[in-house]
Structures are given as structure tokens and as C-alpha cells.
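Q: Going by the working numbering, the sequence shown opens with residue 23, and the numbers climb by one from there. One structure, pasted below without further comment.
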Amino acid sequence: MREEHIQGDLQIKPPSGSAFGCETPPAMPKLHQACLVVGPRGSGKSTATVNLIEHLPFDRIFVISPSMKSNKELMDRLKIDPQDVYEDPDDLTCLEAIKAAIEAERDDLERYREELKRYRKLMKTIHSESSLFRLSDDDLADFFQDGDFQPPKHRWNGKKPCMCLILDDVMGSMLYSKPRKLNQLTIYHRHLGQLKEGGALGLSLFFLVQSYKAQAGGISRTIRGNVTSMILFANKNQKMLDEVAEELAGEVAPEVFFKVFKQAIHDKHDFLFVDLHRKPNHPSAFRRNLDTFLIPE
């Protein structure tokens, strides 16, 4: 087949910014994530998720789970603010509350950035000649406190907060049974809290479920199609593994998936970690647990 180059600058030029909004340690996956954690009861889904999150730079963590208190010792490790815990997964307004909290974080960051510009301009004026005649009453009221000029304050010291949402033990709930709002959240999770200057704060998602598919009240196809990573525990249900392999086929050859899954599962609480958007420095998209890369040959 012959190719003929078209004249003109028609090459595809991707944006310079990254689609993944938070910097992570070299060995960790990119953020933001939509991570699906699948395993039978007692397999260790919560433990694996908490250990993964502990190695990621999250500033604020939301939880939707009716079993949060029963996992208190484990979840306490994440230092989650009680106001960010939603115990009723049948209350669909919790998603709107989380989105509102992210937008409030965006507004506070933009408020801080504007005030910081004013403060720096004020400091420059103060150190210039005839400064006293150029100070505005608003600047004096906003920044002069306790006998001195104080810079504006921000909860995260001016950085974009990195946030995530854990959904645990919510299969069969209204969130999954009527998934429109959750589907939308999953599709737009990287774009939540859009900034005036461009970009967004975004939100990582961690779905902890016992079954990859369910007749009702399970993970929707929309969510499964938007995952960026997956944690899979030992499972005797070959049909489920076939379904996972089939839906990952666009990214991972089924024969490779079955090979690495078998290699990953040695002990009771082992899992296969699949990173569908791995970093260039990672030798493989597959890991046994979090600490061992599995390199298909």
C-alpha cells in the first residue's frame, strides 16, 4: 500500500499538560485513578486498597460505605475526616455533596491565588517610595492583622489538593442499581473542580466489589470501561475471569492475562495488580501485590 503525505501542518499535537493530575512516587501508578478492586468476601480488598492509598499523595479522602465503622482500625490509618464519610449508599445526594466539596476546594484555591497576587503587589508597594499614599483600604483590611501584614492562608499551602473516593460494600445499593450519577462521576472524575486557568483538581475512584458483574446492583459497564487499574484476588469463578479477560482484551491479550494472574496468586491474600496506564519507567503493567512486577515473556 502506498502512502502520500498531505502538505501542511496536519500532524496531531496533544496538549502539553498531563491527563493525570497528581505527581506520585516513582514506583506508584499515575493519578488520577479509577481503580476496580475485585475479590470474594475476606480476600483482603480493604487492606490492599488502604495500603495502596497510603503510598499515594492524597490530601483528602471521601468514603461511601455502610461498613466504615467495622473497619475502623484499618481505615483510621488514612486519617479521614468524619465529615467526608457517607454511610448510606442508597442516598444518591452523597455524590452531589462530594462534587460540591471538590468545587469548594477549587474555589478556595482560586481565592488564595488571587489574594496572594494582591498580597505580593501590596508588599512591593510597601517597599517602594511613597508607599503610604498608595495603600488601599481593602488591602489594609484584608492583610493587616495583629500589628503586621499577614499573607493569605490556604489549607493545602497553595497546592492543588489531591483527592479520592472509596466505595466499599455498596453492591446492591441505589448507587449501583441506578448508576446514572455514578457513571457520570466516573466518566468525568478527572475533570471535577475545573480551574479558571485550565486543568482541574480531579478525583480518583476506588471501587471495592465482590463480583466483577452482577445481575443487578453491580458495577456498570460504563464504570468497567473507564477503569485505569484493577486489583484481582483469587477467584474460583472461571466465568468471571473469562469476563475480565474479555473486557481487558483491548489492552491485554487474554492469554497474557491468564498467565500473569496464575503467577500472581500464591497465597490467600495475594492479588494481581493491572495498571492500564503505567508509567514509562515501569517494566510491566502487571504486579504480584504492589511490590513485584510480573514481566510476560
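Even for Gly, the Cβ is constructed at its ideal location relative to N, Cα and C. In this text, all values refer to a predicted model and were calculated from it rather than measured experimentally.
Give the list of continuous beta strand (DSSP E) stretches no shorter than 3 residues that lie fully inside the segment 252-311.
A: 293-297 and 308-310
Q: In its own chain, which residues sit with a C-beta less than 8 angstroms from the C-beta of Leu113, not counting the 5 before and 5 after it?
A: Contrary to the premise, residue 113 reads as Asp rather than Leu in this sequence. If we look at Asp113 and ignore the five residues flanking it on each side, its Cβ neighbours are Met196.
Q: Starting from Ser65 and walking both ways along the alpha helix (DSSP H), at which residues does that stretch end?
A: Run containing Ser65: none; DSSP gives neither H nor E here.
Q: If we call anything under 8 angstroms between Cβ atoms a contact, is Ile287 one with Ala307?
A: Contact annotation: Ile287 and Ala307 have beta-carbon atoms that are not nearer than 8 angstroms.
Q: Using 8 angstroms as the threshold, is the C-beta distance between Tyr108 and Ile86 below it?
A: yes
Q: Taking the alpha-carbon positions, what's the Gly180 to Cys44 distance?
A: In a straight line, the C-alpha of Gly180 is about 14 angstroms away from that of Cys44.
Q: If you draw a straight line from the alpha carbon of Arg203 to that of Leu117, how long is it in whole angstroms?
A: Before going further, note that residue 203 is Lys rather than Arg in the sequence given. Spanning the two alpha carbons is a distance of roughly 8 angstroms.
Q: Out of Glu137, Asn93 and Leu230, point me to the one whose CA is closest to Gly61's CA.
A: Leu230
Q: Just the Cα atoms here: how many angstroms apart are Val72 and Asn259?
A: Answer to the nearest angstrom: the Cα atoms are 25 angstroms apart.
Q: Whose C-beta lies closer than 6 angstroms to the C-beta of Phe315 among residues of the same chain, with five residues either side of it excluded?
A: Pro305, Ser306 and Arg309
Q: Extract the residue ranges of the beta strand (DSSP E) inside the segment 71-137, only unbroken runs of 3 or more that lie entirely within it.
A: 82-86
Q: Of all the options Val249, Phe280, Gly220 and Leu96, which has the alpha carbon lying nearest to the alpha carbon of Pro318?
A: Phe280
Q: Just the C-alpha distance for Phe228 and Ile83, rounded to the nearest angstrom, thanks.
A: 11 angstroms
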